[in-house]
Structures are given as C-alpha cells and as structure tokens.
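Only one structure is covered here, and it is reproduced in the block below.
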Amino acid sequence: PHDPRQAPQEYLDRYPLDRIEVPSNYLNDYPYAGDIGCGPGLRDEALAPFPRTEYAVQVHRKEYYALITHLDEQLGRILDELEASGQADNTIVAFTADHGLAVGHHGLMGKQNMYDHSVRVPFLMAGPGIPENHRIDAAIYLQDIVPTTLEIASARRPEHIEFHSLWPLLRGETTESAYPAVYGAYLKLQRSVTVDGWKLIVYPKAQVVRLYNLNEDPQELTDLASSPEQAKHIGALFDRLIELQGELNDDLDLSELRVDWQ
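Our numbering applies: residue 26 is where the sequence shown begins, and numbers increase by one.
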C-alpha cells in the first residue's frame, strides 16, 4: 500500500494502536540515512519525523495493516466473481507488488533501501498446472513475470528479454533458482548482492559496507562486516557484485571500496 495511507475507518478500527508492535529491528534513526538517499528530504522518509518514535511507527503500521486488509477483501471480491463466471479453472492468477516497505524497520519508513523488508515482495500464483499450498524457496526477480506469462500462453519470447520463466518452478520441475546471485541497486547510493543467504550492502558515498547472514539473522540485526574472519568472504561477494554490475551495464565504480577487503 502506497501513501497517503487512507484506509476506510472500519478497517482502521480493526487494529487498535495498543496492539501494534514495533519491529524487532526498530531504530529511532538510521546512521547513514542522508548518505543513502533516505534523509528527511525524501518524501517516504518525511512521513514521520526524525528521530523516529515508537508511537509514530505504530500509527503508520496501523494504517499499513488496515490498507492491506482492505485490499485483501477487494481481491476476494474479484476472485469470487471469477469463480462465478465459470472461468476459474481456465485462469492463472498472479499477485505481487513492486516493492516492500520499511514502516519502522531499521529506522526507515520507505522502500529505498536494500534490506529484505523492502526488496522482498509477495509473489503468489495459482491456477491450472500449479500445485496448491506449496511454497517455493528460490530467488526470483519481478521481471520474471514476463517470460513466465509468455510461456504459459505459448507465445513467442522476444530475444531482448533477459529474465527467466518461473513455469518450471511453479510446476515443480525444479527447486533451483535461475539466479545464483541477486543484485540490488538504488541510484548511485546503494548496491547489494545476495549469494547463498549472505547479503552484502554497499554505501559508496558513506564508504560503508554491511554484511548479513540471512540464514541465521533474517531480520538483519547483526552487521558482520567488522568481523576480521569475514574479510575474504566480503571480498568474494564484492567480486560477484562487480561482475553483476558488468553484466547489467552498471557503471558505478566500487573499486575503491573493494580494495579494503582481501
């Protein structure tokens, strides 16, 4: 749900403020906010004053939950009509979003960051040929929806499409992601790469590197970049990130930061 977050009152009433919890990774400020494009000049971050307060975060999360519930009920109405039309067994439904949202995680409010709460999104598909009640733990990109729908429709795939069809994953023909490494970027201010559950975040302007073990720390609470034993690991992730930059024509030079990690 996008701001302005104006849900009907009946949905707001379902979420009393005293029952709204702040995230486990809540901060009242983010130390590099200005250097990563997330300072008070950014509209998303100006929605709540710096430093954050738990009360402000609770209010925003209340509105966020209310909008999601409202959206969920409207989607239910659409699916009910699809069922009534007799075409449900001949229709594949996809539900996703273009980004997540911080709403208080890590002292941030918006989407412009490399943390999982903002770069991971819901992605659900249902319909003929897709197993029910099945969760797939494989990294994808939203752009995969294009080759996926083309394959489902038996349509010709244009040569310029670089992403992968999810149809083999959806049908249970494989459990492996087509992407051994996942790349993230925001302007010239943030880059990230995730490989085997390890995420490297790079802030070029701040000259800062952050490292998270998502397998053990899914809330990204513990930055491991200062651990000497992680230096070679960070170097390897840096090399993979720079390799992906080349593949994606990303000309942001990270070499000055890279030399610090051998």
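Ideal Cβ positions, reconstructed from N, Cα and C, are used throughout, including at glycine.
In this structure, what does DSSP give as the bridge partners for A206?
Residue mapping note: residue 206 aligns to position 181 of the sequence shown, counting from 1. Looking at the DSSP assignment, A206 forms a beta bridge with V220.
Based on Cα-Cα distance, which residue from D69, D114, T219 and V227 lies nearest to S280?
Counting from 1 along the sequence shown, the entry for residue 280 is found at position 255. Looking at the Cα atoms, V227 is the closest of the given residues.
Quick one: is T219 buried, meaning 16 or more other Cβ sit within 10 Å of its Cβ, or exposed?
Numbered from 1 along the sequence shown, position 194 holds the residue referred to as residue 219. By the neighbour-count rule (16 or more Cβ atoms within 10 Å), T219 is buried.
Quick check on this structure: which residue in W192, H159, E184 and D69 has the alpha carbon closest to the alpha carbon of T174?
The residue given as residue 174 occupies position 149 in the sequence shown. That would be W192, whose Cα lies nearest to the Cα of T174.
Comparing alpha-carbon positions, which option in L282, L126, H27 and A119 lies nearest L149?
Locating residue 149 in the sequence shown gives position 124, where the first residue counts as 1. Ranking the options by Cα distance to L149, first place goes to A119.
Please state if the CB of Y208 and the CB of E188 are separated by a distance shorter than 8 Å.
One-based indexing of the sequence shown puts residue 188 at position 163. One-based indexing of the sequence shown puts residue 208 at position 183. This sequence places Phe at residue 188; Glu is not what is there. No. Outside cutoff.
Given 8 Å as the limit, is there contact between the region 122-135 and the region 43-62, that is, 3 or more CB pairs closer than that?
The answer is yes - the region 43-62 touches the region 122-135, with three or more Cβ pairs under 8 Å.
Could you tell me the boundaries of the beta strand (DSSP E) in which Y90 lies?
In the sequence shown, residue 90 corresponds to position 65, counting from 1. Here Y90 belongs to no beta strand (DSSP E); instead the alpha helix (DSSP H) covers E79 to S110.
Which residue or residues does DSSP assign as beta-bridge partners of F75?
Within the sequence shown, residue 75 is the residue found at index 50, counting from 1. F75 pairs with nothing; no bridge assigned.
Give, in chain order, every unbroken run of the beta strand (DSSP E) that is at least 3 residues long and sits entirely within the region 121-193.
Listed in chain order, they are 148-151.
With DSSP run on the structure shown, which of helix, strand or coil describes L212?
Residue mapping note: residue 212 aligns to position 187 of the sequence shown, counting from 1. In this structure, L212 counts as coil in the three-state DSSP scheme.
Across the region 84-96 and the region 247-267, are there enough close Cβ pairs to call them in contact, namely three or more that are closer than 8 Å?
At 8 Å Cβ cutoff, the stretches do not touch.
If you draw a straight line from the C-alpha of T247 to the C-alpha of V233, how long is it?
Numbered from its first residue, the sequence shown carries residue 247 at position 222. Numbered from its first residue, the sequence shown carries residue 233 at position 208. Cα to Cα, T247 sits roughly 15 Å from V233.
Would you decide whether Q99 is buried or exposed? Buried here means 16 or more other CB atoms lie within 10 Å of its CB.
One-based indexing of the sequence shown puts residue 99 at position 74. So Q99 counts as exposed.
Which value, in whole angstroms, describes the spacing of the CA atoms of A151 and L194?
Counting from one through the sequence shown, the residue named residue 151 turns up at place 126. Counting from one through the sequence shown, the residue named residue 194 turns up at place 169. Their backbone Cα atoms lie some 13 Å apart in a straight line.
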